[in-house]
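Participant: Attaching a single structure in structure tokens format; questions to follow.
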Amino acid sequence: MDLCPPRPALLVVAHGSRDPRHAAAVSALCARVRALRPGLRVEVGYLDFNAPRVPQVLERLSAEAEAKGRRAAASSGRGRGRGDGVREVVALPLLLTRAFHAKSDIPAVLRAATARLPLLSVRQADVLGPSPLLTAALERRLAQAGVRPGDRGSTGVVLASAGSSDPEASAVIAEIAREWRHTAGWCAVRPAFASASLPRTADVVRELRAEGVGRVAVAPYVIAPGFLPDRIAAGAREAGADVLAPVLGPAPELARLLLRRYDAAALDSARGDLAALTA
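Counting in my numbering, the sequence shown runs from 73 upward without gaps.
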């Protein structure tokens, strides 16, 4: 009897982009996750633009589980065997806020795929934000761009996100900005959005200048390069920001956060299985 079944695989669900830098950044982040957790199977699936798409990854995992089950059954001679293939998956949205993709798009894709794949059990993990690990990653990127600890009191930060039409997501970004200023001692932290919502990055940079802030830094609250991060950068340059930090990319804090979300979802799954066994 298998007393230690395999840990669920981690399926990182990324949006995808025509910009090749996007997939490169996602791959680098997943490589860091694998280095932090040797033995954990980490796969990447995209919603659009890039391959493999999420359903393709799930179909491949299901086919592997089926093949290993057949081999185990043949070797045991006792009928159908379980094998050691992946049968549980934690699907982790590579998203910083809980908006349309996390609430509707990704669940629909997962439901449609798993309806055709009875061997697989898929649990969707929480989105990444908000988290102190994300603000730590933002501070890492600002430091890499030249902001020193002693600059905080004279530096206003523009927390520039991709933007969403979901008011809940926009409110979360505004709350992160307020909390970050309160805990980190920045002169100011203001939210900005590259799409869907206002204000834009350039507008907030100018607003801080008009208020007499001596130094303005733009911190992109995005994971990978692409069209909207480029729009953030253009706004920063247009308004004359003093500092433009890189996107979060494969920041070590971000990799640790992926594993934290994975562990929480995997633990919930294990508790559910235990409850079913003892019911």
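Ideal Cβ placement from N, Cα and C applies to all residues, glycine included.
#1: Let's see if you can read the secondary structure: which residues bound the beta strand (DSSP E) around residue 227?
#2: Between residue 225 and the rest of its own chain, which residues show a CB-CB distance below 7 Å, the 5 nearest in sequence each way excluded?
#3: Given a cut-off of 8 Å on the beta-carbon distance, is the pair residue 273 and residue 248 in contact?
#4: Using the Cα positions of residue 139 and residue 145, report the straight-line distance between them to the nearest angstrom.
#5: Exposed or buried, which one is residue 103 when buried takes at least 16 other CB atoms within 10 Å?
#6: Judging by CA-CA distance, which residue of 275, 163, 241, 198 is the nearest neighbour of residue 80?
#7: Could you tell me which uninterrupted alpha helix (DSSP H) segments, each at least 4 residues in length, are contained entirely in the segment 196-254, listed from first to last along the chain?
#8: With 16 as the cutoff for other CB atoms within 10 Å, does residue 339 come out buried or exposed?
#9: Verify whether the separation of the beta carbon atoms of residue 169 and residue 236 is less than 8 Å.
#10: So what's residue 193 in DSSP terms, helix, strand or just coil?
#11: Can the beta-carbon of residue 166 be found closer than 8 Å to that of residue 329?
#12: Can you list, in chain order, the residues of its chain with a C-beta nearer than 7 Å to that of residue 209? Leave out the 5 residues immediately preceding and following it.
#13: Any beta carbon from chain C within less than 8 Å of residue 181's own beta carbon?
#14: Select from 271, 84, 142, 212 the residue whose C-alpha is nearest the C-alpha of residue 116.
#15: Quick one: using the 10 Å Cβ neighbour count with 16 as the cut-off for buried, is residue 299 buried or exposed?
#16: So is residue 180 buried or exposed if we call it buried at 16+ other beta carbons inside 10 Å?
#17: On the CB-based measure, 16 or more other CB atoms within 10 Å of its CB, does residue 160 come out buried or exposed?
#18: Taking DSSP's pairing of strands, which residues face residue 117 in a bridge?
Facilitator: So, from the data block:
#1: As a working note, residue 227 is residue 155 in the sequence shown. Where residue 227 is concerned, the enclosing beta strand (DSSP E) stretches over 227-233.
#2: The residue given as residue 225 occupies position 153 in the sequence shown. Only 257, 259 meet the Cβ criterion.
#3: Within the sequence shown, residue 273 is the residue found at index 201, counting from 1. Within the sequence shown, residue 248 is the residue found at index 176, counting from 1. No.
#4: For the purposes of this step, residue 139 is identified with residue 67 of the sequence shown, where counting begins at 1. For the purposes of this step, residue 145 is identified with residue 73 of the sequence shown, where counting begins at 1. Distance between the alpha carbons of residue 139 and residue 145: 10 Å.
#5: Sequence index remark: in the sequence shown, residue 103 carries index 31 (1-based). When all chains shown are included, residue 103 counts as exposed.
#6: Along the sequence shown, read from residue 1 onward, the residue named residue 80 stands at position 8. Cα-wise, what sits closest to residue 80 is 163.
#7: 204-216
#8: Here the question's residue 339 lines up with position 267 in the sequence shown. Answer is exposed; the Cβ neighbour count stays below 16.
#9: Translated into positions along the sequence shown, residue 169 becomes position 97. Translated into positions along the sequence shown, residue 236 becomes position 164. Yes, the Cβ-Cβ distance between residue 169 and residue 236 is below 8 Å.
#10: As a position in the sequence shown, residue 193 is number 121, starting the count at 1. Strand, per DSSP.
#11: Taking the sequence shown and counting its residues from 1, one reaches residue 166 at position 94. Taking the sequence shown and counting its residues from 1, one reaches residue 329 at position 257. No; because the gap between Cβ atoms is not below 8 Å, this pair is not in contact.
#12: Residue 209 sits at position 137 when you count from the first residue of the sequence shown. Here the set comprises 320, 323, 325, 326.
#13: As a matter of chain content, chain C is missing from the structure shown, which is built from one protein chain.
#14: Residue 116 sits at position 44 when you count from the first residue of the sequence shown. Residue 116 has its Cα closest to that of 84, out of 271, 84, 142, 212.
#15: Position 227 of the sequence shown holds residue 299. Classification for residue 299: exposed.
#16: Within the sequence shown, numbered from 1, the residue matching residue 180 stands at position 108. Its Cβ having fewer than 16 others within 10 Å, residue 180 is exposed.
#17: As a first step, residue 160 is located in the sequence shown; it is residue number 88 there, counting from the start. With 16 or more Cβ atoms within 10 Å of its Cβ, residue 160 is classed as buried.
#18: Indexing the sequence shown from 1 puts residue 117 at position 45. DSSP, once it has assigned bridges, lists 85 as partnering residue 117.
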